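Chains H and L supply the protein sequences, listed in that same order. Read in order, the letters of the first sequence correspond to residues 1 to 375 in the working numbering. Read in order, the letters of the second sequence correspond to residues 376 to 579 in the working numbering. We put the CB at the ideal spot given by N, CA and C, even for glycine. Because the structure is a prediction, the values reported are computed rather than measured. First comes the structure, then the notes that go with it.
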Amino acid sequence: MISGKLFERIESLRLENVTKKYGENFAVRNLNLEIKGGELLILIGKSGSGKTTVLRMMNRLIEPDSGSISINGIDIRKFDPIRLRRNTGYVIQNIGLLPHLRVSGNIGLIPKLEGWKEEKIQERIQDLLNFVSLPPQVFTDRYPHELSGGQQQRVGLARAMVMSPPLFLMDEPFGALDSLLRAQLQDEFYRIKKELGRTIVFVTHDINEAFRLGDRIAIIDNSELVQVGTPQELIFSPSSNLVAEIVDSKRKYRHIDALKVKDLAQPLDKRYILDSGLSAASVLDHMSAEGLEIALVFDSPENSGRVGLTDVMKAVSSGKSLDEALKPLPLFSPETPLLEALLRLKTGGGSIGLVLENDKPGGILFSDRILQNLV
Amino acid sequence: MILTAELLQATLEHLVLTYTALTAGILVTIPLIFLSLYSARLASMIMRFASLVQAVPSFAVVAFIVPLIGIGFMPAVLAIMLRVLLPTIKNTYIGLFNVDSTLIEASKGIGLTDFQILKHIRLPNAYPAIFAGIKFAAILANSIAVLTALIGGGGLGPIIFEGLTNFNTVKILTGVLPVIGIALFLDFSFSRIEQRLTPEYLRK
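This is how it looks when you write it as structure tokens:
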């Protein structure tokens with residue numbers, strides 16, 4: 001038996017000064033990158049940028065010319081490459097299912113070589129097929145050529161998961177699928193990623209896929225690492241024109257899926273926040289003095305509201321209290337997806353929302369400001 | 376007229392000669408293929424040698440054997456064996472190495488050793504090509520076995536040559552028809568084996 005677990009979980013995967021040359025050309029040049037345990041790191045770049053080479057060095061399919069790669073502080077050259085690969089889930093675009101083996105044979109190959117008992121292998125195959133949404137009674141005995149592209153990719157994923165590896169390396173796994181199927185598999189993969197909580201390095205050339213799935217994104221161009229950061233960091237502070245171009249910073253609305261309320265909220269301006277229980281007249285004075293068109297009342301999430309200048313004026317002239325003039329105020333957490341926040345603002349009929357941090361006002365979200373920032 | 380017993384005897388001899396040479400060819404092919412797997416240079420040398428023997432006319436190969444090891448059954452086996460090496464080696468080699476490179480890549484990636492890749496991927500993939508090669512080699516061996524009559528290999532060849540020198544049509548046919556029969560039998564039987572060994576996913 002070659003295997004046994006090399007590591008229970010990944011604390012860090014670190015590349016230091018990694019260089020790989022083919023002849024005179026650099027495939028990877030002096031690359032430094034640290035992948036944190038449990039994150040999904042995207043390697044993105046044009047074809048030929050070196051991103052796949054970086055990935056393939058992580059399971060020693062390619063050995064770097066210089067520099068080192070370490071997992072949890074141990075240089076991976078100290079590991080037997082076969083053992084390292086069996087502790088790593090590997091999925092590629094072409095999947096590479098063995099055509100002469102059935103789905104069960106493909107998923108069960110490594111466990112069989114590892115000397116697992118037959119019942120345990122079968123049980124694992126059933127579990128995994130269920131996990132990737134392929135009913136075992138239908139798919140266990142099929143040959144790869146009897147599967148659609150999406151089904152093959154699911155089997156590929158199940159095969160990669162069979163040894164419960166703490167690390168996954170994925171090279172454009174959805175690259176060959178049509179866009180509809182790709183979106184569906186991305187959604188499913190996002191769910192799987194959350195359930196597994198494993199460390200994943202994911203190569204793609206599709207920036208939308210990168211933003212959709214990645215916790216952090218490393219941009220590789222011309223064999224070098226250009227910038228690494230969260231989607232928000234890349235969109236709002238690209239380190240170079242190249243990064244701005246890749247993430248399409250000028251058209252941030254394209255990435256609205258990847259943005260959260262905290263990315264576009266304005267810092268809290270105390271003038272907008274009123275104590276509850278004030279009289280309409282004093283609020284009118286305050287708003288006129290500060291030149292506010294709108295004000296927010298916040299005591300607690302249950303006791304909050306927004307009020308416009310005209311509403312206050314009407315309340316004063318009709319002798320109503322401020323509370324009667326209040327309209328509901330949308331409240332958001334900083335982590336609320338931006339799109340959801342915008343939809344709630346829209347259905348609420350307002351253009352302003354309050355961002356709460358630990359139940360206290362922490363920022364304000366203006367729909368028109370969002371628009372200005374995105375376009 | 377030739378006695379039936381004599382014809383049977385000759386046919387049997389012919390079959391023994393053909394199968395012995397074929398078996399010898401396969402036995403020689405196996406280690407050569409393993410050597411090829413370990414070194415690309417060795418592989419190219421072996422392929423070149425096999426192609427060279429193939430390029431020399433069969434008759435010349437048969438004749439060439441005589442000054443080396445004389446005449447008789449064993450020299451005949453050797454001559455035939457040399458001729459059948461190319462189809463067996465070449466087809467096996469092509470079958471083993473013409474595997475989709477992404478398949479090899481994926482298999483390495485999931486942690487198969489080189490030997491496991493050979494056993495679980497290259498070999499199953501190569502079966503159809505290997506058996507196509509052996510079938511061709513068997514038919515080739517049968518036809519060259521006729522020629523080896525000239526160096527005392529026995530079999531059906533002597534009957535045919537005797538018929539030719541005496542313009543004896545009946546004798547020629549007496550020798551030729553069993554040879555054709557054997558060829559058809561070889562083709563049929565090896566086709567069946569080939570079919571059986573073809574992986575299910577390649578069958579139509």
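For residue i, return the contacting residues in chain L, with the cut-off set at a CB-CB distance below 7 Å.
| i | result |
| --- | --- |
| I82 (chain H) | G486, T488 |
| R159 (chain H) | I485 |
| L339 (chain H) | None at all; the shortest Cβ gap to chain L is about 37 Å. |
| N59 (chain H) | G484 |
What is the C-beta distance between residue i and residue j, in whole angstroms, given that I count them as a contact (C-beta under 8 Å)?
| i | j | result |
| --- | --- | --- |
| V521 (chain L) | G532 (chain L) | 4 Å |
| F236 (chain H) | D257 (chain H) | Not really, about 15 Å apart at Cβ, beyond 8 Å. |
| M287 (chain H) | L309 (chain H) | 6 Å |
| I534 (chain L) | T544 (chain L) | So it is not a contact: roughly 13 Å between Cβ atoms. |
| L329 (chain H) | R306 (chain H) | 4 Å |
| A158 (chain H) | F131 (chain H) | 7 Å |
| L400 (chain H) | T88 (chain H) | Since the displayed chain H opens at 1 and closes at 375, residue 400 (chain H) lies outside it and no answer follows. |
| A315 (chain H) | A325 (chain H) | 4 Å |
| I44 (chain H) | A210 (chain H) | 5 Å |
| L331 (chain H) | P301 (chain H) | 6 Å |
Run through the DSSP bridge pairs and tell me what residue i is partnered with.
| i | result |
| --- | --- |
| T19 (chain H) | H:S66 |
| K327 (chain H) | H:R306 |
| P81 (chain H) | Answer by DSSP bridge pairing: none, since P81 (chain H) is not bridged. |
| A295 (chain H) | H:V307 |
| V203 (chain H) | H:L43, H:D171 |
| E224 (chain H) | H:D221 |
| T88 (chain H) | H:L167 |
| S300 (chain H) | H:N303 |
Hey, how far is the Cα of residue i from the Cα of residue j?
| i | j | result |
| --- | --- | --- |
| E16 (chain H) | M58 (chain H) | 12 Å |
| E167 (chain H) | R198 (chain H) | First, the amino acid is wrong: residue 167 (chain H) is Leu here, not Glu. Their backbone Cα atoms lie some 6 Å apart in a straight line. |
| I509 (chain L) | Y468 (chain L) | 13 Å |
| L417 (chain L) | L572 (chain L) | 29 Å |
| V162 (chain H) | L128 (chain H) | 7 Å |
| N373 (chain H) | T488 (chain L) | 54 Å |
| E569 (chain L) | P503 (chain L) | 6 Å |
| L559 (chain L) | F472 (chain L) | 31 Å |
| G396 (chain H) | V203 (chain H) | This structure cannot settle anything about residue 396 (chain H), because the visible part of chain H is limited to 1 through 375. |
| I192 (chain H) | S68 (chain H) | 30 Å |
| R112 (chain H) | T463 (chain L) | At residue 112 (chain H) the sequence reads Lys, which differs from the Arg that was named. Going by the C-alpha atoms only, they are around 32 Å apart. |
| E34 (chain H) | K46 (chain H) | 21 Å |
| I207 (chain H) | Q232 (chain H) | 13 Å |
| S414 (chain L) | L407 (chain L) | 11 Å |
| I364 (chain H) | P334 (chain H) | 10 Å |
| S411 (chain L) | S419 (chain L) | 8 Å |
| A513 (chain L) | S564 (chain L) | 11 Å |
| L259 (chain H) | G23 (chain H) | 42 Å |
| I492 (chain L) | G484 (chain L) | 11 Å |
| V54 (chain H) | V431 (chain L) | 51 Å |
| I505 (chain L) | P450 (chain L) | 26 Å |
| I370 (chain H) | G156 (chain H) | 41 Å |
| K120 (chain H) | Q126 (chain H) | 10 Å |
| L561 (chain L) | I555 (chain L) | 10 Å |
| M1 (chain H) | E114 (chain H) | Residue confidence is low: M1 (chain H) scores 45 on pLDDT, short of 50, so the model does not pin down where it sits. Its coordinate-derived value is still stated next. Whole-angstrom Cα-Cα distance: 5 Å. |
| E8 (chain H) | L84 (chain H) | 13 Å |
| V247 (chain H) | D187 (chain H) | 21 Å |
| P64 (chain H) | L345 (chain H) | 52 Å |
| K579 (chain L) | L525 (chain L) | Unreliable placement is indicated for K579 (chain L), whose pLDDT of 49 sits below 50; the coordinate value is still reported in the next sentence. Between K579 (chain L) and L525 (chain L), the C-alpha separation is close to 45 Å. |
| L552 (chain L) | R497 (chain L) | 40 Å |
| R56 (chain H) | R102 (chain H) | 27 Å |
| L390 (chain L) | G527 (chain L) | 15 Å |
List, in order along the chain, the chain L residues whose C-beta lies closer than 9 Å to that of residue i?
| i | result |
| --- | --- |
| I92 (chain H) | T477, E480, A481, G484 |
| G96 (chain H) | D475, T477, L478, I479, E480, A481, S482, G484, I485 |
| L129 (chain H) | In chain order: nothing, as chain L lies at least about 17 Å away. |
| I110 (chain H) | I485, G486, L487 |
Which residues in chain L have a C-beta closer than 8 Å to the C-beta of residue i? List them in chain order.
| i | result |
| --- | --- |
| R86 (chain H) | I485, G486 |
| N222 (chain H) | Simply none; closest approach about 24 Å. |
Using a C-beta to C-beta distance shorter than 7 Å, which residues of chain H count as neighbours of residue i?
| i | result |
| --- | --- |
| I496 (chain L) | L98 |
| P499 (chain L) | H100 |
| Q491 (chain L) | L113 |
Can you find at least 3 beta carbon pairs, one from the segment 354-364 of chain H and one from the segment 258-277 of chain H, that sit closer than 8 Å? Judged by Cβ distances under 8 Å, the segment 354-364 of chain H makes contact with the segment 258-277 of chain H, as three or more pairs qualify.
Should the segment 392-405 of chain L be regarded as contacting the segment 458-465 of chain L, the criterion being three or more beta carbon pairs within less than 8 Å? Counting Cβ pairs under 8 Å, three or more are found: they touch.
Validate contact between the segment 217-234 of chain H and the segment 25-32 of chain H using beta carbons, cut 8 Å, 3 pairs: In short, these stretches touch, since the Cβ pair count reaches three.
Using 8 Å as the Cβ pair cut-off and three pairs as the minimum, do the segment 474-482 of chain L and the segment 87-97 of chain H touch? The segment 474-482 of chain L is in contact with the segment 87-97 of chain H.
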